[in-house]
Amino acid sequence: MAGACFRAHAHGPLVTLVFGSSAAQHAALARMESFYESGYEAYNLPMASVREWLAAMRAAVGDTVSESHEEEAKEAPLPWWHAHCSPEEHALLTYLDAQGALVSEATPTYLISALVKRADEALDHERLHALYYLSPSYRALLDELWTSMPKAIASAIQYDLQMRGYKEAVWRDELGAYLGVRGLPTRRQDPCQEFGNKSAATCAEMRRVLLARIPTCWQADVGMSEAELQLPTSFLEEARQALGAPPRPTPPPAARGRGRRGRR
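Per numbering that gives the first Met the number 0: the sequence shown = residues 0 to 263.
Dropping the structure here:
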């Protein structure tokens, strides 16, 4: 994948992508994720949504697919979607096709992505969205936690999530993804404070339950340990080197007496 705008790692049911810039991530994933959700800095979606997007695109372009594909096939065996995708989408679809993910009922079944500069923290959050999709027991646990909250706390958290633009259908999923992330040495914010001081004690208790039960959900429903799904340190280091923005050049020192002075 030399020269690609992302780095990818397939592990079990997950494909994890890291991008060097928001623009590249948006160009590769925004149209696909519109079939699931949209408008966020990191991305997560089932592979089924990618296949739905491809099916809708093929239906939209209609007969032009067969005509253009026949012409291209005379020169090289390119996929039908080649002429209808951006370079970033093409790179991603080529990778997913090589993984067998564009075939119905294939593995991997879920895709998550984040920017390389925030990968450690963001992917922990996105990985829990994947668990919500993959694990019935995790969904049941969040249903139980949600319905057991005191009404005043539930109303405060609902209002907070609404203000962030989340629809009611994903409130439980988001609750788990915010409270269930593992602590990081560099994390400056306590997840229990995610929804404010009023909710902190209730969130702390829900977080305690989540951290205890999440490993069991991964193992029982997905067949993998939580640790297995962590990205190798070597992968993230290579991605940072390959995708990180180059440092800005140091500006030359201003000549004395030549620059304009600001107001004092």
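From the three backbone atoms N, C-alpha and C, an ideal C-beta is built for every residue, glycine too.
Source: prediction; values computed, not measured.
DSSP on Pro86, reduced to helix/strand/coil?
Pro86: helix per DSSP, three-state reduction.
So for Thr106, helix, strand or coil by DSSP?
It is coil, neither helix nor strand.
Once DSSP output is grouped into helix, strand and coil, what is the label at Phe18?
DSSP places Phe18 in strand when its eight states are reduced to three.
Report the CB separation of Leu228 from Leu13 in whole angstroms; it is logged as a contact under 8 Å.
Sure, about 6 Å apart at Cβ, within 8 Å.
Less than 8 Å between the beta carbons of Gly179 and Leu127, yes or no?
Yes.
For Tyr158, count neighbouring C-beta atoms within 10 Å of its own C-beta (all shown protein chains included) and say buried if the count is 16 or more, exposed if not.
With fewer than 16 other Cβ atoms within 10 Å, it is exposed.
DSSP state of Arg181, grouped into three classes?
Reduced to three states, the DSSP call for Arg181 is coil.
Where does Arg247 fall in DSSP's three states?
Caution is warranted here: a pLDDT of 41 is assigned to Arg247, below 50, making its placement in the model unreliable, and no coordinate value can be reported.
Ala3 by DSSP, collapsed to three states: which one?
It is coil, neither helix nor strand.
In angstroms with no decimal places, state the Cα-to-Cα distance between Cys202 and Met162.
When rounded, the distance between both Cα atoms is 18 Å.
Look at Ala27 and Leu91 and say whether their C-beta atoms are less than 8 Å apart.
Cβ distance < 8 Å, so Ala27 and Leu91 count as in contact.
Distance, Cα to Cα, Tyr235 vs Val115?
First, the amino acid is wrong: residue 235 is Leu here, not Tyr. For Leu235 and Val115, the distance between alpha carbons rounds to 8 Å.
Skipping 5 residues on each side, what residues in its chain have a beta carbon closer than 7 Å to that of Ala219?
These residues qualify, in order along the chain: Ser136.
Say whether the segment 207-224 touches the segment 102-109, bearing in mind that this needs 3 or more beta-carbon pairs closer than 8 Å, one atom from each stretch.
Taking 8 Å as the limit for Cβ pairs, the verdict is that the segment 102-109 does not touch the segment 207-224.
For Ser41, name the three-state secondary structure that DSSP assigns.
The identity of residue 41 in the sequence shown is Ala, whereas the question assumes Ser. In the structure shown, Ala41 sits in coil (DSSP, three-state: anything other than H, G, I, E or B).
Is it right to say Leu44 is buried, meaning 16 or more other beta carbons lie within 10 angstroms of its own, or is it exposed?
Its Cβ being crowded by 16 or more others within 10 Å, Leu44 is buried.
Identify every run of the alpha helix (DSSP H) within the segment 184-220, keeping only runs that are complete inside it and at least 4 residues long; order them along the chain.
For the segment 184-220, whole alpha helix (DSSP H) runs of length 4 or above, ordered along the chain, are 199-216.
Determine the DSSP secondary structure at Leu114, reduced to helix, strand or coil.
The answer is strand: DSSP assigns Leu114 an E or B state.
Which two residues bound the contiguous alpha helix (DSSP H) that contains Arg49?
The sequence shown places Val at residue 49, rather than the Arg named in the question. Here the alpha helix (DSSP H) through Val49 covers 46-60.
With a 10 Å radius around its C-beta and 16 neighbouring C-beta atoms as the bar for buried, classify Val49 as buried or exposed.
Flag for Val49 reads buried.
DSSP three-state label for Ala100, please.
Residue state, collapsed to three classes: coil.
Round the Cβ separation of Ala41 and Glu125 to the nearest angstrom and send it over; I've been treating them as touching at under 8 Å.
Right, their Cβ atoms sit about 5 Å apart.
Could you pull the DSSP bridge partners for Ala9 from this structure?
Ala9 pairs with Val14.
Compute the distance between the beta-carbons of Leu130 and Ile213, then report whether it is under 8 Å.
Going by C-beta atoms, Leu130 is nearer than 8 Å to Ile213.
So what does DSSP say about Tyr94, is it helix, strand or coil?
Residue state, collapsed to three classes: helix.
Alpha carbons only, please: which of Leu77, Ala200, Ala22 is nearest the one belonging to Ala151?
Nearest of Leu77, Ala200, Ala22 to Ala151, Cα basis: Ala200.
Just to confirm, are Leu53 and Trp80 a CB contact at a threshold of 8 Å?
Taking 8 Å as the Cβ cut-off, Leu53 and Trp80 qualify as a contacting pair.
Is Leu77 buried or exposed, if buried means 16 or more other CB atoms sit within 10 Å of its CB?
Looking at its Cβ environment, which holds fewer than 16 other Cβ atoms inside 10 Å, Leu77 is exposed.
Assuming Cys4 contacts Glu87 under a Cβ cut-off of 8 Å, what Cβ separation, rounded to an integer in Å, is found between them?
5 Å between Cβ atoms; contact.
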